[in-house]
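Working notes, beginning with the structure itself.
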Amino acid sequence: MKTAALFLVAMLLHGGVQAQEMSENCEDAPGADRLTVETCTRQALDRQHQAMESAYRQLHAALPQTEAAALEAGQRDWQAYQQSYCRLFVQISGAENPAWAMTWGEIAQAGCEADQIEGRTAQLEALRNIVELRARQGEAIMEDTSH
């Protein structure tokens, strides 16, 4: 889901549609009014945030204490990066149009955050896969040495 830029461009090019005309999947709409886009973007952000939190909790639970502490620090660093990047994204996107920043800026911010969170979720899931692989390899080594 790369909603931040693409979704905003699509809705601005296609004009508005009424909320009741939109399908359940907001991304399927050919365009939307500001309220509908804001609602859809917030829903996407909430879904992405829940998925990331789940991936983070699963990974954290699977790690030894020192690695869990490193994950916590890394997550804080990632959150600072995400906030900084999305502020820059909104600033650059609306730098020439202050009216856009006042009306669509919050939506662009939320869309950017959703995209960043989606990427972070994939990173956390990849790390979880590595932890699982490491555990299986450790079990295989123990099994080989016991024979």
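In our numbering, the protein residues as written are 1359 to 1505.
Backbone N, C-alpha and C define an ideal beta-carbon position, used for all residues, glycine too.
Review point. When you compare only the Cα positions, how much space is there between I1499 and L1421?
Key: Spanning the two alpha carbons is a distance of roughly 19 Å.
Practice item. For the alpha helix (DSSP H) holding A1428, just list the boundary residues, first then last. Key: Start and end: 1423-1452.
Practice item. Can you tell me which of the three DSSP states T1361 falls into? Key: Reliability of the predicted coordinates at T1361 is poor, the pLDDT of 48 falling under 50, and no value is obtained from them.
Review point. Can the beta-carbon of A1413 be found closer than 8 Å to that of L1491?
Key: Their beta carbons are not under 8 Å apart, which means A1413 does not touch L1491 by this criterion.
Point to revise | DSSP-derived helix/strand/coil call for D1391 | key: Here D1391 sits in coil by DSSP.
Check your understanding: Just the Cα atoms here: how many angstroms apart are T1461 and R1392?
Key -> In this model, T1461 and R1392 are separated by some 8 Å (Cα to Cα).
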